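Accompanying notes for the structure given below.
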Ligand SMILES: [Zn+2]
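In this note's numbering, the protein residues as written are 7 to 90.
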């Protein structure tokens with residue numbers, strides 16, 4: 007048995023071709039949705055933005071609550087939904 011043949015295939019094909027599939031997987035788009043107890047639904051495409059949007063909402067509508075919420079609270083309450 008020649009050396010180097012052990013049943014495992016190399017990840018990269020010879021010739022330096024990137025091991026990317028020729029057909030790209032569909033881009034999954036998510037959005038973050040946070041249902042505020044006041045009934046407002048906040049949406050944003052990224053974690054950072056849902057945090058910003060939520061803080062803006064808190065400061066505008068619930069200034070008494072705003073200081074008690076941190077990024078982790080927002081992300082804990084937010085759900086990530088698949089768009090589409
Ligand atoms: Zn609210």
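Quick reminder that beta carbons are idealized off the backbone N, C-alpha and C, glycines included. Since the model is a prediction, treat every value here as computed from it, not as a measurement.
Residue 86 lies in the beta strand (DSSP E); which residues open and close that run?
85 to 88
Taking just the CA atoms, how far does residue 70 sit from residue 80?
16 Å
Limits of the alpha helix (DSSP H) - the one that residue 62 falls within:
53 to 67
Indicate the three-state DSSP secondary structure (helix, strand or coil) for residue 74 in the structure shown.
helix
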